[in-house]
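**Student:** Right, I'll just put the structure down here and ask away after.
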Amino acid sequence: MTLPPSKDPLVALWQTAPKPDTQHLLQDLQRVNLLHRRTSRSVLAILWGLAALFLFEEATGRVGSHGLLTVIWIAVILGGRARQRRARCSRSDALSLDTVNLLKFMIARAKRDLRTARSLYAGVPLGAAAGAVLAKLAGIGGSPSVHALHPRIQMVQTGAGVATLVAMTVTGAILARARSAEVRQLSEKLKSAEAGL
Amino acid sequence: MSGVAGLEEIVEVHAAMVRRIASVYERHPDRVDDLVQDVWIAVWRALPRLDNQASLKSYIARITQNICVTRIRRALVRQAEPLSDTFADPGLPPDEASGHAARLACLVEAVRNLPENLKAVASLYLEDMQVKDIALALGISESNASVRLHRAKSAIKLSFGDQS
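Residue numbers (the working numbering), protein chains in the order written: chain A, 445 to 641; chain B, 74 to 237.
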């Protein structure tokens, strides 16, 4: 397809820029697409593998969670999958929106992510502390079998719990920092795009 | 049109346009490559939903523009200037090539130095898009796009004249 040369010399000059190597680009695209598909499948396989493990544990009666953990885990996977599919179907982003509306949409999404991140890094430790205090005040403890555990195992359990809390807090803080910067940059871009005449 | 075969054809026709627009927003060739790749992945995914082949150029230009404008600079440490720009043209004889490449580089630099709101309008105009399509792509009124375009062209000509 050859387009007629433009009358504006600037446009004509602009369009004389050398053509990029499309063969190389296509190969890159195929590679990226393949990698993306493989990664998605691997993550999904791991998640369903864990679900299968939980089911096995429940079926053999080795875990006394009354199926709650398994149900929560499978519900989270299904929920995440449904959300991903819905996001893909109603993809109202760079493909369907104009620049100003896309920026507004992205700012709203970044703000939502920022709230989630903040609840991770602030809400999780606060929730854990509040839960611990309430449990102590109400005299709710672990099941009798917990007290029968070896002190070393109890220590490992506590350590794992604290490590999870710290990891969630750190992840939340990192996410919040990134989202906060995103909101700031996008807002500046929107301001610039909407700049009055 | 969908799949790799359809994409190949579209890439062949519009690759230069996508790269030119991306080059306005990023100076470093690696970053331009990243942007171009993001654009084509988005186009590839959008292909099955594309009904009107006639407006393909505007559609791809809009996607490119949107991806370039909304891209967030995450790696601020990688802001080193490139040794060479992406607009050198080795296809022309040395004298002509150097003159042509210099004029082209001046133009690119002039567009890059425009404020964001003028840059978007200018890069789409230089792709030979109509004011109506530019307004539609950016979500602004036609009159607004016209005024911005007038300002962008004045700024480019001024900057172009200063540098050449």
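For every residue, glycine included, the Cβ atom is placed at its ideal position computed from N, Cα and C.
Quantities reported herein were computed from a predicted structural model and do not represent experimental measurements.
Quick one, are the C-beta atoms of Gln138 of chain B and Thr543 of chain A less than 8 Å apart?
**Tutor:** Position 65 of the second sequence, counted from the start, is the residue given in the question as residue 138 of chain B. Position 99 of the first sequence, counted from the start, is the residue given in the question as residue 543 of chain A. Taking 8 Å as the Cβ cut-off, Gln138 of chain B and Thr543 of chain A qualify as a contacting pair.
**Student:** Assuming Leu547 of chain A contacts Ala456 of chain A (C-beta within less than 8 Å), just tell me the rounded distance between them.
**Tutor:** As a working mapping, residue 547 of chain A is identified with position 103 in the first sequence. As a working mapping, residue 456 of chain A is identified with position 12 in the first sequence. Actually they do not touch by this definition, with Cβ atoms about 32 Å apart.
**Student:** Excluding five sequence neighbours on each side, which residues of the same chain lie with their C-beta closer than 6 Å to the C-beta of His87 of chain B?
**Tutor:** By one-based count along the second sequence, residue 87 of chain B stands at place 14. Once the five neighbours on either side are set aside, the close Cβ partners of His87 of chain B are Ile133.
**Student:** Quick one: give me the first and last residue of the alpha helix (DSSP H) that Ala566 of chain A is part of.
**Tutor:** Indexing the first sequence from 1 puts residue 566 of chain A at position 122. Careful: Ala566 of chain A lies outside any alpha helix (DSSP H) and carries neither H nor E.
**Student:** Nearest-angstrom Cα distance between Leu491 of chain A and Ile618 of chain A?
**Tutor:** In the first sequence, the residue the question calls residue 491 of chain A occupies position 47. In the first sequence, the residue the question calls residue 618 of chain A occupies position 174. Approximately 24 Å, taken between the alpha carbons.
**Student:** Quick one: Cα of Arg628 of chain A to Cα of Ser128 of chain B, how far?
**Tutor:** Residue mapping note: residue 628 of chain A aligns to position 184 of the first sequence, counting from 1. Residue mapping note: residue 128 of chain B aligns to position 55 of the second sequence, counting from 1. So the two alpha carbons sit approximately 34 Å from each other.
**Student:** Can you tell which of A:Ala607, A:Leu558, A:Leu581, A:Ile518 has its C-alpha closest to the C-alpha of Ala622 of chain A?
**Tutor:** Working through the first sequence from its first residue, we reach residue 622 of chain A at position 178. Here the closest residue by C-alpha is A:Leu558.
**Student:** Scan the segment 457 to 473 of chain A for residues whose Cβ lies nearer than 8 Å to a Cβ of chain B and list them as they occur along the chain.
**Tutor:** If the cut-off is 8 Å between Cβ atoms, the segment 457 to 473 of chain A has Leu457, Trp458, Gln459, Thr460, Ala461, Pro462, Lys463, Pro464, Thr466, Leu469, Leu470, Asp472, Leu473 near chain B.
**Student:** Taking only beta-carbon atoms, is Thr543 of chain A less than 8 Å away from chain B?
**Tutor:** Your numbering for residue 543 of chain A matches position 99 in the first sequence. Yes, Thr543 of chain A lies at the interface with chain B (some Cβ there is under 8 Å from its Cβ).
**Student:** Look up Pro462 of chain A in the DSSP assignment and say whether it is helix, strand or coil.
**Tutor:** Against the first sequence, residue 462 of chain A aligns to sequence position 18. It is coil, neither helix nor strand.
**Student:** Mind checking the segment 80 to 93 of chain B against chain A and listing, in chain order, the residues whose C-beta falls within less than 8 Å of any C-beta there?
**Tutor:** Of all residues in the segment 80 to 93 of chain B, Leu80, Glu81, Val84, Glu85, Val86, Ala88, Ala89, Arg92, Arg93 have a Cβ within less than 8 Å of some Cβ in chain A.
**Student:** Taking the beta carbon of Met550 of chain A as the centre, do at least 16 other beta carbons fall within 10 Å, making it buried, or is it exposed?
**Tutor:** Taking the first residue of the first sequence as position 1, residue 550 of chain A is located at position 106. It is buried - the Cβ of Met550 of chain A has at least 16 other Cβ atoms within 10 Å.
**Student:** Which chain B residues sit within Cβ distance under 9 Å of Lys555 of chain A?
**Tutor:** The residue labelled residue 555 of chain A in the question sits at position 111 within the first sequence. Here the premise fails: no neighbours, minimum Cβ distance about 14 Å.
**Student:** Give the list of continuous beta strand (DSSP E) stretches no shorter than 3 residues that lie fully inside the segment 590 to 641 of chain A.
**Tutor:** Entirely contained in the segment 590 to 641 of chain A, not one beta strand (DSSP E) run reaches 3 residues.
**Student:** With DSSP collapsed to three states, give me the class of Arg100 of chain B.
**Tutor:** By 1-based counting over the second sequence, the position of residue 100 of chain B is 27. In the structure shown, Arg100 of chain B sits in coil (DSSP, three-state: anything other than H, G, I, E or B).
**Student:** Could you pull out every residue in the same chain whose Cβ sits closer than 6 Å to the Cβ of Leu149 of chain B, ignoring the five residues on either side in sequence?
**Tutor:** Sequence index remark: in the second sequence, residue 149 of chain B carries index 76 (1-based). In this prediction, Leu149 of chain B scores a pLDDT of 45, lower than 50, which makes its location untrustworthy; no coordinate-derived value is stated.
**Student:** Do we get a CB-CB distance below 8 Å when we pair Leu211 of chain B with the residues of chain A?
**Tutor:** By 1-based counting over the second sequence, the position of residue 211 of chain B is 138. Interface residue, yes.
**Student:** Hey, Ala495 of chain A and Ile521 of chain A are a contact pair by Cβ (cut 8 Å); roughly how many whole angstroms apart?
**Tutor:** Working through the first sequence from its first residue, we reach residue 495 of chain A at position 51. Working through the first sequence from its first residue, we reach residue 521 of chain A at position 77. Correct: roughly 6 Å between the Cβ atoms.
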